[in-house]
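Chains as they are written, first to last, in the numbering used here: chain Z, 1209 to 1412; chain H, 1209 to 1412.
Step one of this worksheet: look at the structure below.
There are 2 protein chains.
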Amino acid sequence: MAEYIAPIQRLIEEFRKIPGVGAKTAARYAFAVLNLSEAEASRFADAIIGIKRDVYKCPVCHGLSAREGECDICSSFDRDKSLVCVVEEAKDVITMEKIRGFRGVYHVLGGVLSPLDRVTPRDLNLASLKERVEGGGIAEVVVATNPTPKGDATAAYIVRMLEGSEVKISRLAYGIPVGADIEYADEVTLFRAMEGRRNINDEG
Amino acid sequence: MAEYIAPIQRLIEEFRKIPGVGAKTAARYAFAVLNLSEAEASRFADAIIGIKRDVYKCPVCHGLSAREGECDICSSFDRDKSLVCVVEEAKDVITMEKIRGFRGVYHVLGGVLSPLDRVTPRDLNLASLKERVEGGGIAEVVVATNPTPKGDATAAYIVRMLEGSEVKISRLAYGIPVGADIEYADEVTLFRAMEGRRNINDEG
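Okay, here's the thing in structure tokens:
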């Protein structure tokens, strides 16, 4: 017995399927589960089954929903359906929702364009974005992909794809984080901040 | 919706029960599970149930076993039953087994003495160690508790508990790790290394 016994080894291998979890961490997690009560372990297992069973995709925005059909955001009367924020992943919706002020709706791409990883426009929810825009009623699309080469390429693709439609397309402002010191900002961020500078004397 | 939807939140909370897993890490793990296929998630859930259902405690050494009754080590004819290595936790057995050369058996304490955490001798497998030693057939007990204050106190307790028995009691050698540089060893390790120094000219 140079290895763990089978039931432990099996759970270690399951934990290792989570990106970023190595062999030692997975072993630590497996022993933590072993220390749970039977009831707690059963709740844990149920929660894993439940996240696959009870999470639905919204047919409009492709975001996550706790029920079939349109999600809470898409079906809300409080939301401005003419303002669509495009994000990479479903979890980005939750991040954006932290800005309590945003009253628009979302469109989840399900990734970014990446030819090397064979992610083409067909693999993302781009056609449905085009349909939504062409369907009318949308005034502005805010592209909130990450400021990475892939996120930038995806944003550029969206601009090209929606060319000719009447819709305004904008992108989140990238710059110095609030509360940060300019001294510690990297060059790319500084460049973006300079590029995105805004008039503050009302003459702009 | 400023929070995650219920099925996601539930799994995040389960992951957070693992010591050392914070809110952000738990959320990352939950989304990783969401990205698994239904079959993979079901295997993961089964492994959690399985680790509780299929792992038994060996009635002799209190180590983990894949079946009821004595574990593979305790029931092996290859093992020297007169040499008992006392470790803190079941997982320490696996660590010790990495020394392929060790042919003795084990005794898992299930923790260390810690009055502040209300861990008293009664909470550890100490009475059964005494019984094993008094039952006869044991020549040496190697105490392999960690070189921490609690591990040291537990080792001292074992020495006192077994006083009067004929058995030899030893402790793992603590010193400079093989391959390490003396320059970087901390004082306590250096002190232990000096204390545990051994003759190398065969005159000892």
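Beta carbons are placed, not taken as given, at the ideal position from N, Cα and C, and that holds for glycine.
The model shown is predicted, which means the values in this text are computed figures rather than measured ones.
task: Just the chain Z side, please: which residues come within less than 7 Å of R1218 (chain H) by C-beta, in chain order?
output: A1255, G1258
- request: State yes or no: is the beta carbon of F1285 (chain Z) nearer than 9 Å to at least one beta carbon in chain H?
  value: no
query: Name the chain H residues that come within less than 9 Å of Y1382 (chain Z), Cβ to Cβ?
result: Under the 9 Å cutoff, chain H gives no residues; its nearest Cβ is about 22 Å from Y1382 (chain Z).
- prompt: Once you ignore the five residues that flank P1329 (chain H) on each side, which residues in its own chain have a CB closer than 7 Å to its CB?
  reply: L1321, Y1365
- request: Can you have a look at E1411 (chain H) and say buried or exposed, based on whether 16 or more other CB atoms are within 10 angstroms of its CB?
  value: With a pLDDT of 46 at E1411 (chain H), under the threshold of 50, the predicted position of this residue should be treated as unreliable, though the coordinate-derived value follows. Exposed, by the Cβ-count rule.
message: Output needed for C1282 (chain H): all residues of its chain with C-beta closer than 7 Å, excluding positions within five of it in sequence on either side, in chain order.
response: C1266, V1268, C1269, V1313
query: Of the residues H:Y1392, H:E1391, H:G1383, which one's Cα is nearest the Cα of E1403 (chain H)?
result: H:G1383
query: Using a C-beta cutoff of 9 Å, does G1228 (chain Z) count as contacting chain H?
result: yes
field: One or two residues paired with R1405 (chain Z) in a DSSP bridge
entry: Answer is none; R1405 (chain Z) lacks a bridge partner.
- prompt: Run through DSSP, which three-state label would L1272 (chain Z) get?
  reply: strand
message: Cutting at 8 Å between CB atoms, please list the residues of its own chain near S1378 (chain H), excluding the five before and the five after it.
response: E1348, V1349, V1350, V1351
query: So, is R1218 (chain H) buried or exposed, given that buried needs 16 or more other C-beta atoms within 10 angstroms?
result: buried
- prompt: Taking the Cβ atom as the reference point for each residue, do I1220 (chain H) and A1240 (chain H) lie within a distance shorter than 9 Å?
  reply: no
message: Count Cβ pairs between the region 1246-1253 of chain Z and the region 1246-1260 of chain H that sit closer than 8 Å; are there 3 or more?
response: yes
task: Using a Cβ cut-off of 9 Å (strictly closer), state whether A1231 (chain Z) contacts chain H.
output: no
query: Shorter than 9 Å from the beta carbon of V1241 (chain Z) to some beta carbon of chain H?
result: yes
field: Residue range of the beta strand (DSSP E) that includes L1291 (chain Z)
entry: 1291-1295
field: Cβ pair count under 8 Å reaching 3, the region 1326-1343 of chain Z against the region 1356-1375 of chain Z
entry: yes
query: Under a three-way DSSP split, which group does Y1264 (chain H) fall into?
result: strand
- prompt: Just to confirm, does E1296 (chain Z) get its C-beta within under 8 Å of one of the non-hydrogen atoms of the ligand ZN?
  reply: Ligands are entirely absent from the displayed structure, and the ligand ZN is therefore not among its contents.
task: Classify A1214 (chain H) as buried or exposed, calling it buried when 16 or more other Cβ atoms lie within 10 Å of its own Cβ.
output: exposed
field: For G1345 (chain H) and K1299 (chain H), believed in contact at Cβ under 8 Å, the rounded distance
entry: Not a contact, Cβ separation roughly 27 Å.
One or two residues paired with K1358 (chain Z) in a DSSP bridge: Its beta-bridge partners do not exist; DSSP assigns none.
query: Would T1353 (chain H) be called buried (16 or more neighbouring beta carbons within 10 Å of its own) or exposed?
result: buried
query: Looking at the structure shown, is I1281 (chain H) part of a helix, part of a strand, or coil, going by DSSP?
result: coil
task: Please name the residue or residues paired with V1327 (chain H) in a DSSP beta bridge.
output: H:S1322
- request: Could you name each continuous alpha helix (DSSP H) segment of 4 residues or more that falls completely within the region 1333-1400 of chain H, going from the start of the chain to the end?
  value: 1335-1342, 1357-1369
message: Applying the 10 Å Cβ sphere with the 16-neighbour rule, what's the burial state of Y1212 (chain H)?
response: buried
- prompt: Closer than 9 Å, CB to CB, is K1289 (chain H) near chain Z or not?
  reply: no
- request: Return no unless some Cβ of chain C is closer than 9 Å to the Cβ of D1262 (chain H).
  value: The structure shown has no chain C; the protein chains it does contain are Z and H.
field: Residue-level contact to chain H via CB, R1236 (chain Z), 9 Å cutoff
entry: yes
message: Which residues in chain H have a C-beta closer than 8 Å to the C-beta of L1321 (chain Z)? List them in chain order.
response: In chain order: nothing, as chain H lies at least about 19 Å away.
query: Just how far apart, CA to CA, sit G1230 (chain Z) and R1224 (chain Z)?
result: 6 Å
- prompt: Mind checking G1228 (chain H): buried by the 16 CB within 10 Å criterion, or exposed?
  reply: exposed
task: Would you mind stating whether Y1237 (chain H) and I1226 (chain Z) have Cβ atoms separated by less than 9 Å?
output: yes
query: On the three-state DSSP scale, how would you describe F1223 (chain Z)?
result: helix
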